[in-house]
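**Student:** Pasting in a structure now, in structure tokens, and then I'll have a few things to ask.
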Amino acid sequence: MGGDKGISLEEIKNESVDLERIPIEEVFEQLKCTRAGLTSEEGAQRLQVFGPNKLEEKKESKFLKFLGFMWNPLSWVMEAAAIMAIALANGGGRPPDWQDFVGIIVLLVLRDGRWSEQEAAILVPGDIITIKLGDIVPADARLLEGDPLKIDQSALTGESLPVTKNPSDEVFSGSTCKQGEIEAVVIATGVHTFFGKAAHLVDSTNQVGHFQKVLTAIGNFCICSIAVGILIEIIVMYPIQRRKYRDGIDNLLVLLIGGIPIAMPTVLSVTMAIGSHRLSQQGAITKRMTAIEEMAGMDVLCSDKTGTLTLNKLTVDRNLIEVFAKGVEKEHVILYAARASRTENQDAIDAAIVGMLADPKEARAGIREIHFLPFNPVDKRTALTYIDSDGNWHRASKGAPEQIITLCNCKEDVKKKVHAVIDKFAERGLRSLAVARQEVPEKSKDSPGAPWQFIGLLPLFDPPRHDSAETIRRALNLGVNVKMITGDQLAIAKETGRRLGMGTNMYPSSSLLGQDKDASIAALPIDELIEKADGFAGVFPEHKYEIVKKLQERKHICGMTGDGVNDAPALKKADIGIAVADATDAARSASDIVLTEPGLSVIISAVLTSRAIFQRMKNYTIYAVSITIRIVFGFMFIALIWKFDFAPFMVLIIAILNDGTIMTISKDRVKPSPQPDSWKLNEIFSTGVVLGGYLALMTVLFFWAMKDTSFFTDKFNVKPLNNSPEEMMAALYLQVSIVSQALIFVTRSRSWSYVERPGLLLVSAFLIAQLVATLIAVYANWGFARIKGMGWGWAGVIWLYSLVTYIPLDLIKFAIRYVLSGKAWDNLLENKTAFTTKKDYGKEEREAQWAAAQRTLHGLQPPETSNIFNERSSYRELSEIAEQAKRRAEVARLRELNTLKGHVESVVKLKGLDIDTIQQHYTV
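Here the sequence shown stands for residues 44 to 967, numbered as in the working numbering.
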């Protein structure tokens with residue numbers, strides 16, 4: 044391409060030439076490329092020389108990385124036990140994943156003379172790329188001809204304000220485009236970029252997550268319990284009982300090995316990993332696994348309106364178009380708006396307007412495009428400079444009405460008329476788009492031109508998604524308060540809220556600053572106002588951040604949806620940042636969960652799945668704490684009262700069999716909590732201590748009856764074991780093993796354990812583990828473990844004893860929760876759900892608002908909201924209204940299709956085409 048001029052690609056790789064400062068034409072010469080980009084063959088060759096556009100990844104064991112997730116006090120105690128037992132210990136590290144930062148970006152690359160969407164990893168120096176609003180720059184590049192860009196380099200330089208980049212300036216990998224659109228030539232990729240060089244110098248300060256704190260708290264509790272048991276044993280065994288050193292060490296090992304729930308970090312990690320996979324199948328990709336736990340506790344969801352609650356498919360109502368210029372027809376207003384729109388790579392507004400033309404090609408028919416001004420957050424408009432067929436220069440512009448009014452310098456009477464029309468549109472939930480035109484007598488794209496003329500207003504409507512109203516109702520039932528956060532006008536927000544049953548308790552963003560407050564809310568503090576509001580309109584990025592911050596200060600677990608680069612700060616601040624489908628790279632980078640499907644329903648499905656995952660983790664933690672208490676205090680009392688030395692090897696067998704098979708809880712069948720869930724450590728520890736204490740007492744009672752009485756011999760006609768420590772070892776091993784693992788069926792259920800059917804995998808794991816344990820207890824004759832088979836008679840007795848001692852566990856569980864909640868018994872009797880802590884979140888009032896809104900929408904008389912929940916018939920009526928709402932949504936969808944069909948037929952007739960031939964090729 045460039046002949047033999049310049050230096051070799053290898054020298055470019057070694058940075059022998061300063062491509063950042065030399066003139067742009069020399070850049071092309073040195074890189075041996077042109078403005079037409081590279082061919083696929085050249086790209087492949089250069090990929091061999093420069094390597095992929097990724098940061099170097101340190102080679103590490105995936106297994107060790109997984110183990111690194113489990114770095115906590117439990118692991119430390121297990122290692123201590125391993126050292127004492129002269130066993131092997133494993134560990135692992137987890138380096139920062141810099142490579143993930145650039146590995147997910149997809150962008151447009153000019154290859155073989157065509158623009159195509161490619162992964163950033165294939166970029167090489169010499170490639171031509173396009174950079175537009177919201178993109179993360181994938182490699183170091185020099186800008187070509189075009190309008191200046193606003194670039195956010197805060198991730199690299201710490202500058203909080205965007206910097207302006209003009210043609211021929213350099214942009215750095217990892218920075219974000221805040222304004223404008225331009226092409227650029229890549230000059231450095233991968234580790235040779237500014238970001239790549241700086242990455243290893245950046246100190247990654249990983250915050251300790253909430254999940255890790257909980258894991259640490261549970262680990263500390265178990266360690267303290269073991270420490271108490273060990274301390275008591277040391278004090279009693281050596282100074283008082285004067286036991287042998289080796290026997291004492293064995294007893295200490297029993298507490299150390301048996302007391303630590305060795306499978307807990309792994310079970311919780313596997314549960315979240317499996318849950319993450321399940322969420323991805325539902326259309327929610329989790330970037331941070333612990334976000335699952337936070338989503339289960341989410342009680343407030345701040346949702347974008349456009350595209351999430353609505354279809355993001357704008358339609359223009361032709362009948363309501365307002366014309367403000369003499370001699371201009373409605374069709375002319377549409378044509379000028381279409382000329383100020385893109386005909387390729389369209390956004391929703393451009394697509395809606397160009398779609399109003401009989402033929403999209405009419406937008407550029409008979410004119411020659413000179414310059415297109417793309418939309419940016421500052422000007423809030425687009426414009427096209429063009430030459431008509433007579434050689435005259437013109438401009439057409441469309442955008443936010445206020446911006447166009449200012450552009451046209453309208454008179455006061457025109458302003459009043461325009462604002463009156465905008466208000467009329469807003470009352471009907473319609474957005475206004477202003478259109479203006481201008482002559483350019485100087486015939487130059489940079490000249491100011493003649494005065495702009497305001498020619499009309501287009502009414503745009505973004506209809507609600509067909510499932511949004513029902514999804515919001517489901518969210519309220521789940522205790523998730525959905526708040527609409529929109530940049531639209533207040534009237535439009537209220538209309539959309541009314542249609543969706545969200546309520547109309549909406550406020551302008553200025554009220555967040557203490558301004559423009561109604562008399563009814565004037566006395567409310569800002570944080571309380573945010574908490575009680577149904578939504579906010581006219582919101583800017585800083586407002587979103589403030590809303591999330593205030594909600595978090597009020598102890599809410601807050602989710603935030605977003606799609607643009609402006610949403611990134613709020614997404615990062617929120618407990619769960621959710622990047623919706625088609626979000627920008629910047630939004631995805633800042634989020635915890637990325638949606639692959641549009642709409643709110645996928646979020647609510649993800650909430651339910653997250654709560655099920657969380658329930659599994661919580662069930663297991665209660666089980667683990669109970670077993671720690673049971674092992675520590677059960678074996679401690681047996682060792683100190685009867686001086687019986689239980690073999691550490693048998694405790695290891697219990698740990699391997701029971702804790703190993705208990706990992707199947709990650710796929711257990713559970714009921715998601717009906718309300719936002721959270722780690723209630725007081726409940727976990729209280730339940731664990733009481734259940735564990737009861738089981739320890741039952742073990743001590745069993746050992747006493749076996750050793751000091753003839754109860755089992757008399758009642759069940761089995762041989763006495765009190766003179767055979769090896770057979771007592773077998774009996775004690777089996778008794779501890781059975782009820783220990785059976786406890787999971789109690790902790791996994793909110794009501795009676797025999798009512799809530801467990802997963803087949805969990806039941807199978809329990810049966811297999813206890814069958815093996817029974818066979819060991821019956822047949823094993825291991826001298827090194829001091830165990831001898833006790834026979835099937837005693838096995839039957841122990842199974843019966845375990846069954847009898849299992850029965851009270853549910854009652855004890857209910858009693859604990861009753862003491863903790865106070866309302867538990869009512870819940871048990873009325874809802875058949877034991878002791879669920881209920882948070883109302885204003886659900887009844889919102890249900891009443893929803894029902895009243897639906898009745899009002901369709902001409903029905905709304906009842907007294909205070910009485911709507913008093914009778915069962917009201918509930919039935921609510922369900923009927925919900926069903927009717929779904930049907931009306933479907934009718935609206937079909938009507939929309941019918942309207943489209945009519946539009947197609949009218950166009951066909953206008954063009955004089957054969958309607959019968961056309962109708963064979965589409966179906967409504």
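By construction, the Cβ of each residue, glycine as well, lies at the ideal position given by its N, Cα and C atoms.
#1: Touch check for the stretch 506-513 and the stretch 313-327: three-plus C-beta pairs under 8 Å?
#2: In the DSSP assignment, the beta strand (DSSP E) including Tyr429 goes from what residue to what residue?
#3: Taking the beta strand (DSSP E) that Ile850 falls in, what are its first and last residues?
#4: Does the contact criterion of 3 or more C-beta pairs under 8 Å hold for the stretch 755-773 versus the stretch 703-710?
#5: From Arg516 to Ala479, what does the alpha carbon distance come to, in whole angstroms?
#6: For the beta strand (DSSP E) that contains Asp183, what are its first and last residues?
#7: Can you tell which of Arg438, Asp531 and Leu555 has its C-alpha closest to the C-alpha of Ile498?
#8: Can you find the residues in the same chain that come closer than 6 Å, C-beta to C-beta, to Leu311, ignoring five residues on each side of it along the sequence?
#9: Could you check what DSSP says for Met545 in three-state terms: helix, strand or coil?
#10: For His901, is the classification buried or exposed, using 16 other Cβ atoms within 10 angstroms of its Cβ as the cut-off for buried?
#11: In whole angstroms, what is the alpha-carbon distance linking Gln481 and Ser59?
#12: Just checking, does the stretch 591-608 make contact with the stretch 616-625 on the three C-beta pairs under 8 Å criterion?
#13: Going by C-alpha to C-alpha distance, which of Gln718, Ser669 and Leu803 sits closest to Met307?
#14: Please work out which residues of its chain come closer than 7 Å, Cβ to Cβ, to Asn913, disregarding the five sequence neighbours upstream and downstream, and give them in chain order.
#15: Check Ile305 in the structure and name its three-state DSSP category.
#16: For Leu295, is the classification buried or exposed, using 16 other Cβ atoms within 10 angstroms of its Cβ as the cut-off for buried?
#17: In this structure, how does DSSP classify Asn662 when only helix, strand and coil are distinguished?
#18: Buried or exposed: which applies to Tyr737, given that a residue is buried once 16 or more other Cβ atoms fall within 10 Å of its Cβ?
#19: Have a look at Lys75, Ile55, Arg411 and Arg78 and flag the residue whose alpha-carbon is nearest the alpha-carbon of Gly94.
#20: Apart from the five residues just before and just after Asp195, which ones in its own chain have a Cβ nearer than 7 Å to its Cβ?
#21: Per DSSP, which one or two residues make a beta bridge with Pro502?
#22: I need the DSSP call for Asp61, collapsed to helix, strand or coil.
#23: Using CA atoms only, rank isn't needed, just tell me which of Gly398, Val359 and Lys615 is closest to Arg631.
#24: Measuring CA to CA, which of Leu734, Asp757 and Asn765 is closest to Leu786?
#25: To the nearest angstrom, how far is the alpha carbon of Arg829 from that of Ile303?
#26: What three-state label does DSSP hand Val523 in the structure shown?
#27: Using DSSP bridges, identify the partner residues of Ile194.
#28: Hey, is Val591's beta-carbon within less than 9 Å of any beta-carbon in chain C?
#29: If you compare alpha carbons, which of Val694, Ala381, Phe215 and Asp347 is closest to Val359?
#30: Quick check on Glu53: buried or exposed, where buried means 16 or more other Cβ atoms within 10 Å of its Cβ?
#31: Is Gln595 helix, strand or coil when you go by DSSP?
#32: Taking all protein chains shown into account, do 16 or more other C-beta atoms lie within 10 angstroms of the C-beta of Tyr288, making it buried, or fewer, making it exposed?
#33: Cα separation between Pro484 and Val645?
#34: Taking the beta carbon of Gln91 as the centre, do at least 16 other beta carbons fall within 10 Å, making it buried, or is it exposed?
#35: Residues bridged to Gly605 by DSSP?
#36: Can you tell which of Leu724, Ser753 and Ile699 has the C-alpha that lies nearest to the C-alpha of Ile811?
**Tutor:** Concretely, from the data shown:
#1: No, the stretch 506-513 is not in contact with the stretch 313-327.
#2: As a working mapping, residue 429 is identified with position 386 in the sequence shown. Tyr429 -> beta strand (DSSP E) spans Arg424 to Ile430.
#3: Within the sequence shown, the letter at position 807 stands for residue 850. It is not in any beta strand (DSSP E) - Ile850 carries neither H nor E in the DSSP assignment.
#4: The stretch 755-773 vs the stretch 703-710: no contact.
#5: For this step, residue 516 is matched to residue 473 along the sequence shown. For this step, residue 479 is matched to residue 436 along the sequence shown. Between Arg516 and Ala479, the C-alpha separation is close to 42 Å.
#6: Within the sequence shown, numbered from 1, the residue matching residue 183 stands at position 140. Residues Asp183 to Gly189.
#7: Within the sequence shown, the letter at position 455 stands for residue 498. Looking from the CA of Ile498, the closest CA among Arg438, Asp531 and Leu555 belongs to Arg438.
#8: Translated into the one-based positions of the sequence shown, residue 311 becomes position 268. In its chain, beyond the 5 residues on either side, Met660 have a beta carbon closer than 6 Å to the beta carbon of Leu311.
#9: Numbered from 1 along the sequence shown, position 502 holds the residue referred to as residue 545. It is coil, neither helix nor strand.
#10: Locating residue 901 in the sequence shown gives position 858, counting from the first residue. In this prediction, His901 scores a pLDDT of 44, lower than 50, which makes its location untrustworthy; the coordinate-derived value is nonetheless stated afterwards. Exposed, by the Cβ-count rule.
#11: Residue mapping note: residue 481 aligns to position 438 of the sequence shown, counting from 1. Residue mapping note: residue 59 aligns to position 16 of the sequence shown, counting from 1. Note on geometry: alpha-carbon atoms of Gln481 and Ser59 lie some 51 Å from one another.
#12: Contact holds: three or more Cβ-Cβ distances are below 8 Å.
#13: As a first step, residue 307 is located in the sequence shown; it is residue number 264 there, counting from the start. For Met307, the nearest C-alpha among the options comes from Ser669.
#14: Position 870 of the sequence shown, counting from 1, holds the residue named residue 913. Legend: pLDDT at Asn913 = 45, less than 50; position of this residue unreliable, value from coordinates given subsequently. Nothing meets the Cβ criterion.
#15: By 1-based counting over the sequence shown, the position of residue 305 is 262. Assigned with DSSP and collapsed to three states, Ile305 falls in coil, not helix or strand.
#16: Reading the sequence shown from its first residue, position 252 is the one you call residue 295. With a threshold of 16 other beta carbon atoms within 10 Å, Leu295 meets it and is buried.
#17: Position 619 of the sequence shown, counting from 1, holds the residue named residue 662. Residue state for Asn662 is assigned as helix, using DSSP reduced to three classes.
#18: Locating residue 737 in the sequence shown gives position 694, where the first residue counts as 1. By the neighbour-count rule (16 or more Cβ atoms within 10 Å), Tyr737 is buried.
#19: As a position in the sequence shown, residue 94 is number 51, starting the count at 1. Nearest to Gly94 by C-alpha distance, out of Lys75, Ile55, Arg411 and Arg78, is Ile55.
#20: Within the sequence shown, residue 195 is the residue found at index 152, counting from 1. Answer for Asp195: Pro205, Ser218, Thr219 and Lys221, listed in chain order.
#21: Against the sequence shown, residue 502 aligns to sequence position 459. Answer is Ser475.
#22: Sequence index remark: in the sequence shown, residue 61 carries index 18 (1-based). Of the three classes helix, strand and coil, the one that applies to Asp61 here is coil, per DSSP.
#23: Indexing the sequence shown from 1 puts residue 631 at position 588. Considering only alpha carbons, the answer is Lys615.
#24: For the purposes of this step, residue 786 is taken as the residue at position 743 of the sequence shown. Of Leu734, Asp757 and Asn765, the residue nearest in Cα terms is Leu734.
#25: Here the question's residue 829 lines up with position 786 in the sequence shown. Here the question's residue 303 lines up with position 260 in the sequence shown. Here the alpha carbons of Ile303 and Arg829 stand approximately 23 Å from one another.
#26: What you label residue 523 is simply residue 480 of the sequence shown in a count that begins at 1. Val523: coil per DSSP, three-state reduction.
#27: Within the sequence shown, the letter at position 151 stands for residue 194. Answer is Val206 and Cys220, bridged to Ile194.
#28: Judged by its chain identifiers, the structure shown contains no chain C, having just a single protein chain.
#29: Locating residue 359 in the sequence shown gives position 316, where the first residue counts as 1. Of the listed residues, the one whose Cα sits closest to Val359 is Ala381.
#30: Taking the sequence shown and counting its residues from 1, the one referred to as residue 53 is at position 10. Here Glu53 is exposed, its C-beta having fewer than 16 other C-beta atoms within 10 Å.
#31: Residue 595 sits at position 552 when you count from the first residue of the sequence shown. Note: Gln595 maps to helix in three-state DSSP.
#32: The residue labelled residue 288 in the question sits at position 245 within the sequence shown. Tyr288 is exposed by the Cβ-count criterion.
#33: The residue you call residue 484 lines up with position 441 of the sequence shown. The residue you call residue 645 lines up with position 602 of the sequence shown. If you draw a straight line from the Cα of Pro484 to the Cα of Val645, it comes to about 54 Å.
#34: Against the sequence shown, residue 91 aligns to sequence position 48. Around the Cβ of Gln91, a 10 Å sphere holds fewer than 16 other Cβ atoms; the residue is exposed.
#35: Position 562 of the sequence shown, counted from the start, is the residue given in the question as residue 605. DSSP, once it has assigned bridges, lists Ala622 as partnering Gly605.
#36: As a first step, residue 811 must be located in the sequence shown, where it is residue number 768. Ile811 has its Cα closest to that of Ile699, out of Leu724, Ser753 and Ile699.
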